[in-house]
Structures are given as C-alpha cells and as structure tokens.
Amino acid sequence: MGNLLSIDSWTGDFLAERNLVSARQLNEASELAARWGSNLADVMLTKNWIEPEDYYRALADRFSVEQVDLEKDPLDPDLLEVAEVANYMRELAVPWRCEDGVTTIVTSRPGPELILYARRKWGASVKIGIASKKQIQQAVQSVFSERFLHAAVFDLAEHDPVMSAQTVFTPVQLVVGWAMLSAFALGLALAPIPTLIALNLVMTLFYLGNFLFKAVLIWAGGKHQHASERQMDAAVGLLRDEDLPVYTVLVPMFREPDVLPILANALRELDYPTSRLDIKIVLEEGDQLTIDAATALGLEDIFEIILVPPAQPQTKPKACNYALQFARGDFLVIYDAEDKPEPDQLKKVVVTFDRSPANVACVQCRLNYFNREENWLTRLFTLDYSLWFDLMLPGLEKLKVPIPLGGTSNHFRMDVLRELRAWDPFNVTEDADLGIRLTQKGYEVRLVASTTFEEANVSQLNWIRQRSRWIKGYMQTMLVHTRRPIHLVRSIGVLGLLGFIFFIGGTMLSGLLNPVFWAIFVLWLLTETGIFDPLFPPVLLYLSVFNLLAGNGLFIFVMMLAPFRRNWLSLVPYSVTVFWYWVLMSIAAWKGAWQLITKPFYWEKTEHGLSKHTAAEVSKAQASQTAG
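The opening residue of the sequence shown carries number 11 in this note's numbering; numbering runs sequentially from there.
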C-alpha cells in the first residue's frame, strides 16, 4: 500500500509507456493539472483522452491491487451508512468487504489523501481495491435507491408540511373560500348592484396596483446594470482555476433524446475545470429512448447518468431531489435539456457568492432564446422573457422583494439547498416556490448578468401546455405561502407581500380576469348597451379607462424597450401584436385553473426539439465532439 503514495508521479509516464496516451496529450494534461490543481488522471479521464477501462486496469496492475467489478461483486449494503453518501460520492471511495477485521475499500482515486481518509474512517486495517468511478457511483445509487426515492417524494412534506403543495387546499382555505363565495352569493341576492360594484372596484384596484408595481420594477431593474456587469467581468478574470469549488450540474430530462448532443456540447464549452465538474444527467428509468441515446453518445468521465426509479408524482423536482442525494459539489445548478449557458456563467456565480453575505443561498441567471426570430410566437416569447429576466427580476432584487426563480440556471449553495429539503415534488413550478421559500426562511436570492439560451416554443398548442403548467404552479405557490399570512408578512415584509401578490398573483389573476373585462368592453363597443353603466360609477369608470389605456399601453411600451438592452431591435415592431399573446395566456390560465382542481400534480410535458434550428444545433454539437 505504501507504493500508492506516489501515484501521481508515475501516472503520466506509465500510461505513455503502455501507449494509452500520446505525448501531446500528456503534456497538455500536465499543464491543465497544474492550472486546475487536479491530478493528472482526472484531467485525462474528463477530457476523454484515455478509456476508463484501460486506466483502471493499468492502475490495478501497477500497484498489484485487486480490480473489483462491482456489477459482478456488489457492495455489502451493511457496510454503508446513509449519512455518508455525500462523502462516498465526493471521495469516490466506499467499503466493499470486511473480512477478518480488515475492510477493503474500493476507490477510483487512490493516493495519499485517500489512504489517510480511509484509515481515519475505517481504521488502520484497510486494504485498497480499484473500481471505476462509474461503477462506484452506480453501486451507491443501487444501495440507497429505495430510501432516496422516498425522500425525493416526501422529505419536504414530512419535515415541513406547511411548505408542501401535497395538500392542495387546507381546511382553513376551503372554509375561507366557501365563506367568501357564500357572502358574494348572499350579496347578489340581497343587493346585486352594490355587490357587483364592490367586486368591480376590487378587481380594478388590483389591476391598477399590478401595473403600477411592475412599472416601478422595470424602472428599478433598468438602473446601473451596465456598471455592475463590467465589474463582474473584471472579477472573473482574476479567478484562479485551482481555487474554484466542485460544481454539481443537474440536467433532468424526459423523452428528449434528440437534444442530448446539444446539451452535452454546451456543457463541454463551460469555462470551468472539467475535473471540478460533477455533471449528472437525470433520466427516468422507464425512458429507454433517452437512456439509449445517452449511452450511445459515449459521454466523458465528467458525465454521470442518474436513473430515477418510478414513483408518483412523476415531476422534474422529484427527479432533481433524487439526484441531489448523490451530488458532491459545493454549489449546484440546474439546466434544462435544451439549455446553452454562456461559458463563463459558473465563474460569474462563484464571484457573486464570494462577494455576497452568507445568507445569499441562490443566484439566478437570465434566460432567453436562441431561435427568437423563427416565427411570431418565438418573437413574442423572447420579448416576454427579455422583460421578465432583464428588467423585472432585477427590479425585484433592487427592492428586496422575493424572487420567483426561473426553472433553469438557478445556482444554489449545496448546504442550504439540503437544509431546506430542496424542491417540492408536488409543485409544478418548484422553482418559483423555492424562491419564495428561501426568502421566508431568511435567505436571499441574487441575480447575475449571465444568460442561458434555450429553445423557444414554436407551437402555440405546445406553448399553452407549458404556460398552463406554469400558471397552475403559481396557483399552488400562492396557496402554499398564504397558509400563514401573519408569518408571511413577518418574514418578507409589507413590500415583499405586495410584490408577492402582484408578481405571483398578478401573473395568475390577470390571465383569468382579462377575458371578463375584454368581453364587457367588446360588448359595450359593439352594442353601445347601457346594461353595464350601473356597475361603473364615474370614479370607477375613470379608473377602468385608465387601466385599459395606460395599463395596456405601458406594457406594450416596455415590451418595445425590453429588446434594446440586447440590441435585438428587429423584435420591437412585434410588441404591438401582444394582444393575441395575452389571449393565449388567458387560455393557459383557465386550463391551469381547471387542472389545479382535476390534476394538481400532473406535469404536462413540454416538447423540445421542435425548432427548425434543432437539427443544425445537433450537427454542430456532433462535429464539435468529433473534432475534440
């Protein structure tokens, strides 16, 4: 075992003698290992310069230790501890057998640090065996799959039930809802006109507050952005690779085999030491097409495939919760299958965390679309996202209002994420929910000027499916976080409460209410009927006209402004066609409301890979992999 202490000094020469690596690869790997603060073998494996089977066989031969095939001789589950799983995955060392008081530890990374770790953990009487990184990862997954699956589904509900959407409506909410409907019905029966005027007043004031609040957000979010972006670029340039932490990247996928090459190529292009990346492709066990596609790609050693056992609800957050149990990073980010993050994004986030107080638990990056010019819908979707991520969310950050996270490119401190029991598998917008939950628990969310580009929906029906799930999730989030209104106000403040109501509630309710007001306006316009006159006394009429003209005009105007920040001026004229986009949103809102009652936990799948740009992106990714 003493010979193992000199592992890194022999690695390169020994592998070169066996013609497993070339002289060029060895020289480049040595330079990268020095720059990254990594060992030589990790560099060569993550760069795919040597076949893992060849390397581990050579490693066992060189030191005359046993090479263990964990598929044929699996781990003894009695030797493993659930509390140590994070250490097993980080150290890539697990107990395999214990015979005559001697524990055999299988590892893919023998060396002095491993020897010391093994002796501290399992005592002086230890032996070392060699197994591949992939086999160790899969073996640990197998031992703990059942336990971790239960935790992935029920951990939040069991430990913090008030924050879980597993209960759609609490008894108190049902009673309050019934009381409000009863009072409204009684009002209609006894005093119909005053009751309808009161309802109209409430909705009109809500609309007024909604667009005024968002106007303030846009004004606040647009200030001083360029200066902070320049400072960030300078700070990234000062980072040293050897000081960077291990970063876990979760990529949940379901029935998306076509976009796998795009994803893999985008992650390869990240400007981050590959030996410090812990990339997990998270797939459902029953999704054989995507599993086969991932296997066929021959992914490098930095990629690990996590297979999520079947269980309800079959949702993205459940899959992420399961994969989280095996993560080994200090930080974690989620990307969707079609995502293309800017290469320096992880470094920008590291800088942001380093500069932020300890209670900053999450950093949200911007999202936008690479196929923005494909058709009318992609242009409007791009305008929508530009307004949301480039102006509104920075406004929330400036005003210290809770930020509903986007579904991707949110980066977390690993310890805080685990402390909060991660994502709610019963909430279909687990991202927005977690952003609000972080704030209620005393943590903050920051934004960073780095963009992840995605595929915008090219189909209106597909867009409605996606948006209806989002709005249903916003409804779930409203229901969960209003269960304790006094606690909500105390934890996020009055301004935070107003932001929560207008940002989460406004997005949801405006989609539901718009058709009602549009119908009244169109009916009045076409018939000039006076049937609605009693419902609009002068003050209320003026407020309603102001909302109609100023409110809609403002949103059209700011949608015109949104693309200027990115110099996408060709999108500006399309902002005047936003009315039909709002119609689609209302359809999605009512669909989401219906599903909240009938199928609250149903995750309606958004189909990706429909863009005409997908084939070109796949070809580009495949060419890049071949060249590499």
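C-beta: ideal position from N, C-alpha, C; glycine also. The structure presented is a predicted model; accordingly, all values stated were derived computationally and were not measured.
Which same chain residues end up closer than 7 Å to residue 303 when comparing Cβ atoms and leaving out the 5 residues on each side of it in sequence? Stepping through the sequence shown from its first residue, residue 303 is reached at position 293. Answer for residue 303: 267 and 270, listed in chain order.
Does residue 580 pass the burial test, meaning 16 or more other C-beta atoms within 10 Å, or should it be called exposed? What you label residue 580 is simply residue 570 of the sequence shown in a count that begins at 1. Exposed is the call here.
Beta-carbon within less than 7 Å of residue 592's beta-carbon, same chain only, minus the 5 sequence neighbours each way: which residues are those? Residue 592 sits at position 582 when you count from the first residue of the sequence shown. The residues are 524.
With distance defined between alpha-carbon atoms, name the residue in 504, 596, 588 and 30 nearest to residue 529. Working through the sequence shown from its first residue, we reach residue 529 at position 519. Looking at the Cα atoms, 596 is the closest of the given residues.
Contact belief for residue 128 with residue 103 at Cβ below 8 Å, rounded distance in angstroms: If you number the sequence shown from 1, residue 128 lands on position 118. If you number the sequence shown from 1, residue 103 lands on position 93. About 6 Å; that satisfies the 8 Å criterion.
Below 7 Å, is the gap between the Cβ of residue 440 and the nearest heavy atom of the ligand HEM? The model on display carries no ligand, and the ligand HEM is accordingly not part of it.
Residue 434 versus 153, 80 and 161, residue with shortest Cα-Cα distance: Taking the sequence shown and counting its residues from 1, the one referred to as residue 434 is at position 424. Answer by Cα proximity: 161.
What are the boundary residues of the alpha helix (DSSP H) that includes residue 548? For the purposes of this step, residue 548 is taken as residue 538 along the sequence shown, with counting starting at 1. Element bounds for residue 548: 548–556.
Leaving aside the five residues before and after residue 214 along the sequence, list all residues of the same chain whose C-beta is less than 8 Å from its C-beta, in chain order. The count along the sequence shown starts at 1 and reaches residue 214 at position 204. Within the same chain, residue 214 has close Cβ partners 550, 553, 554 and 557.
Please report how far the alpha carbon of residue 370 lies from the alpha carbon of residue 344, in whole angstroms. Along the sequence shown, read from residue 1 onward, the residue named residue 370 stands at position 360. Along the sequence shown, read from residue 1 onward, the residue named residue 344 stands at position 334. Residue 370 and residue 344: Cα-Cα distance of roughly 17 Å.
Buried or exposed: residue 328, going by 16 or more other Cβ atoms within 10 Å of its Cβ? Numbered from its first residue, the sequence shown carries residue 328 at position 318. Label assigned to residue 328: buried.
Would residue 620 and residue 469 be called neighbours here (beta carbons separated by less than 8 Å)? Counting from one through the sequence shown, the residue named residue 620 turns up at place 610. Counting from one through the sequence shown, the residue named residue 469 turns up at place 459. Yes, these two residues count as a Cβ contact at 8 Å.
Beta strand (DSSP E) segment containing residue 262, residue limits: Position 252 of the sequence shown, counting from 1, holds the residue named residue 262. It spans 257–263 - the beta strand (DSSP E) in which residue 262 sits, taken as one unbroken run.
List the endpoints of the continuous beta strand (DSSP E) containing residue 379. Position 369 of the sequence shown holds residue 379. Note, residue 379: beta strand (DSSP E), 370–379.
What alpha helix (DSSP H) runs, 4 residues minimum, are completely inside the stretch 458–515? 470–491 and 495–509
What does the Cβ neighbour count give for residue 2, buried or exposed, with the cut at 16 atoms within 10 Å? Since the displayed the chain opens at 11 and closes at 638, residue 2 lies outside it and no answer follows.
Do you know offhand how far residue 287's Cα is from residue 120's? Position 277 of the sequence shown, counted from the start, is the residue given in the question as residue 287. Position 110 of the sequence shown, counted from the start, is the residue given in the question as residue 120. Roughly 19 Å separates the two Cα atoms.
What span of residues does the beta strand (DSSP E) with residue 302 cover, start to end? What you label residue 302 is simply residue 292 of the sequence shown in a count that begins at 1. It is not in any beta strand (DSSP E) - residue 302 instead sits in the alpha helix (DSSP H) that spans 298–306.
Specify whether the stretch 292–300 and the stretch 134–145 touch according to this definition: at least 3 beta carbon pairs, one from each stretch, less than 8 Å apart. no
So, residue 379 versus residue 466, is the Cβ gap smaller than 8 Å? Position 369 of the sequence shown, counted from the first residue, corresponds to residue 379. Position 456 of the sequence shown, counted from the first residue, corresponds to residue 466. Yes. Within cutoff.
Could you tell me if residue 80 is buried or exposed, where buried requires 16 or more neighbouring beta carbons within 10 angstroms of its beta carbon? Position 70 of the sequence shown, counted from the start, is the residue given in the question as residue 80. Buried, by the Cβ-count rule.
Those residues which DSSP pairs with residue 341 across a bridge: Position 331 of the sequence shown, counting from 1, holds the residue named residue 341. In the DSSP output, where bridge partners are listed per residue, residue 341 has 257 and 423.
Tell me, to the nearest whole angstrom, how far the beta carbon of residue 4 is from that of residue 443; I am working on the premise that it is less than 8 Å. In the structure as shown, the chain starts at 11 and stops at 638, and residue 4 therefore has no counterpart that could be examined.
Can you tell which of 64, 500, 205 and 159 has the C-alpha that lies nearest to the C-alpha of residue 322? Mapped onto the sequence shown, residue 322 falls at position 312. For residue 322, the nearest C-alpha among the options comes from 159.
Nearest-angstrom Cα distance between residue 22 and residue 118? Within the sequence shown, numbered from 1, the residue matching residue 22 stands at position 12. Within the sequence shown, numbered from 1, the residue matching residue 118 stands at position 108. Those two C-alpha atoms are separated by around 16 Å.
In terms of DSSP beta bridges, what is residue 293 paired with? For the purposes of this step, residue 293 is taken as the residue at position 283 of the sequence shown. Residue 293 pairs with 263 and 317.
Could you work out which residue in 244, 310 and 361 is closest to residue 423 when comparing CA atoms only? Residue 423 sits at position 413 when you count from the first residue of the sequence shown. With distances taken between Cα atoms, residue 423 lies closest to 361.
From the DSSP secondary-structure annotation, give me the bridge partner or partners of residue 455. Taking the first residue of the sequence shown as 1, we reach residue 455 at position 445. Answer by DSSP bridge pairing, in chain order: 372.
Which residue's Cα is closest to the Cα of residue 259: 355, 401 and 573? As a first step, residue 259 must be located in the sequence shown, where it is residue number 249. Comparing Cα-Cα distances from residue 259 to each of 355, 401 and 573, the minimum goes to 355.
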